[in-house]
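Step one of this worksheet: look at the structure below.
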Amino acid sequence: MNPIRTLIIAASAAALLAPALADRAAAQTPSPGDKMSAEKMNAYVGCINRLSERSYDSRKRYFSWAAQSGPTGKERIIYGTYTIYETADCRKNVEKANALEPRDAALEAAASAYVDAVSKLEPLLKEADDYYSQENYKDDRMAKGKTLHPRLVSAWDAFAGADKALRNGVETVNDKRALERLAEIEQSEGRKARYYVQATMIQAKRVMRAQEAEKPDLAAFTQALGEFEATVKAAEQVSGTDSGAKIGSMFISNSKSFLTSAKQLMRRVRDKVPYSQGDRMMLNGGGGWMVEGSPPRLLRDYNQLIDAFNRGANI
Numbered sequence: 167m168n169p170i171r172t173l174i175i176a177a178s179a180a181a182l183l184a185p186a187l188a189d190r191a192a193a194q195t196p197s198p199g200d201k202m203s204a205e206k207m208n209a210y211v212g213c214i215n216r217l218s219e220r221s222y223d224s225r226k227r228y229f230s231w232a233a234q235s236g237p238t239g240k241e242r243i244i245y246g247t248y249t250i251y252e253t254a255d256c257r258k259n260v261e262k263a264n265a266l267e268p269r270d271a272a273l274e275a276a277a278s279a280y281v282d283a284v285s286k287l288e289p290l291l292k293e294a295d296d297y298y299s300q301e302n303y304k305d306d307r308m309a310k311g312k313t314l315h316p317r318l319v320s321a322w323d324a325f326a327g328a329d330k331a332l333r334n335g336v337e338t339v340n341d342k343r344a345l346e347r348l349a350e351i352e353q354s355e356g357r358k359a360r361y362y363v364q365a366t367m368i369q370a371k372r373v374m375r376a377q378e379a380e381k382p383d384l385a386a387f388t389q390a391l392g393e394f395e396a397t398v399k400a401a402e403q404v405s406g407t408d409s410g411a412k413i414g415s416m417f418i419s420n421s422k423s424f425l426t427s428a429k430q431l432m433r434r435v436r437d438k439v440p441y442s443q444g445d446r447m448m449l450n451g452g453g454g455w456m457v458e459g460s461p462p463r464l465l466r467d468y469n470q471l472i473d474a475f476n477r478g479a480n481i
């Protein structure tokens with residue numbers, strides 16, 4: 167089930183074919199002492215959010231018509247692939263970020279490896295796009311398409327590995343910061359509106375992670391879901407009584423939509439409910455978000471929750 171996620175941008179920061187779907191980045195306001203590290207993390211997350219999903223989509227589009235062994239020239243429909251842009255900006259931002267404090271050799275190395283992989287992918291995708299969009303395979307009987315294939319596969323594989331490593335590094339930092347931020351809020355304000363907004367986002371990420379494995383741990387998924395539901399209920403209650411701040415209705419609404427979709431997915435896993443033929447067509451055709459109890463539907467609602475958080479949740 168593995169959905170690809172765009173990350174949480176910010177003072178906290180922030181897959182191919184999709185080992186996943188993509189989790190949008192949620193912005194947070196850094197404390198004055200954390201400004202420099204926020205800039206560092208935002209550079210890494212900016213690259214991921216701008217380039218990763220498109221890179222994965224390029225592979226998904228290619229393999230929607232080409233066999234895993236490569237194109238033959240006898241395909242009924244040939245779509246080609248997608249291109250990516252602005253890798254030079256990513257490189258510039260990462261090089262600057264890598265020099266900022268606090269230093270983290272492993273994370274900086276992962277960011278540099280990401281830049282290297284995505285920078286090699288960009289011209290190759292451009293070359294493939296020109297070849298297929300201009301239908302040059304009609305002139306050389308797919309000769310170049312056959313030689314491009316192993317180069318594309320190798321570049322996508324290298325990118326996928328680099329993307330995963332950088333995401334893991336960023337999320338490790340983000341998780342630590344999010345918990346520290348939650349503790350700071352509780353200490354300074356108590357468990358009021360701001361606390362529950364932060365807690366909701368932490369719990370939502372845990373729900374996403376719990377269902378991402380190829381064979382999700384139902385017990386872990388159910389537990390994460392129960393904790394998220396309790397947090398949403400507390401957020402809704404405090405929003406109606408907290409005189410100091412009010413949580414925006416859109417944030418509460420998006421939290422509940424995510425909760426509903428998570429429950430539908432949990433029940434599908436628990437009860438082993440298969441997808442119908444129509445469901446499978448939508449899942450394979452890019453319309454998976456319309457299928458109740460599916461990872462793409464949960465991802466769609468998670469990204470909408472992050473959008474609501476990025477708008478400030480009115481607190």
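Counting with the working numbering, you get residues 167 to 481 for the letters of the sequence shown.
Built from N, CA and C at the ideal position, the CB exists for glycine as well.
Check, Outcome
"Roughly how far, in whole angstroms, is the beta-carbon of isoleucine 413 from the beta-carbon of alanine 359, given that I think they are within contact range, below 8 angstroms?", "5 angstroms"
"If threonine 253 sits next to leucine 217, beta carbons under 8 angstroms apart, how far is it from one beta carbon to the other, in whole angstroms?", "7 angstroms"
"How is the alpha helix (DSSP H) around arginine 307 delimited, first residue to last?", "It is not in any alpha helix (DSSP H) - arginine 307 carries neither H nor E in the DSSP assignment."
"Using 9 angstroms as the threshold, is the C-beta distance between alanine 233 and alanine 279 below it?", "no"
"Which complete alpha helix (DSSP H) runs does the stretch 420–453 hold, if anything under 4 residues is left out?", "443–450"
"Mapping the DSSP letters down to three states, classify threonine 247 as helix, strand or coil.", "coil"
"How far does the alpha helix (DSSP H) with asparagine 215 in it reach, from first residue to last?", "That residue, asparagine 215, is in no alpha helix (DSSP H); it is neither H nor E in DSSP."
"List the whole-angstrom C-beta distance separating tyrosine 210 from alanine 277, where the pair is believed to meet the contact cut-off of C-beta under 8 angstroms.", "5 angstroms"
"Within 10 Å of its beta-carbon, does glutamine 194 have 16 or more other beta-carbons around it, so buried, or fewer, so exposed?", "Residue confidence for glutamine 194 is low, a pLDDT of 45 falling below 50, so the modelled location carries little weight and cannot support an answer."
"When DSSP labels each residue in this structure, what does isoleucine 472 get in the three-state scheme?", "helix"
"In chain order, what residues of the same chain lie with their CB nearer than 8 angstroms to the CB of threonine 388, ignoring the 5 residues before and after it?", "Met432, Arg436"
"Compute the Euclidean distance between the alpha carbons of arginine 225 and arginine 446, then round it to the nearest angstrom.", "20 angstroms"
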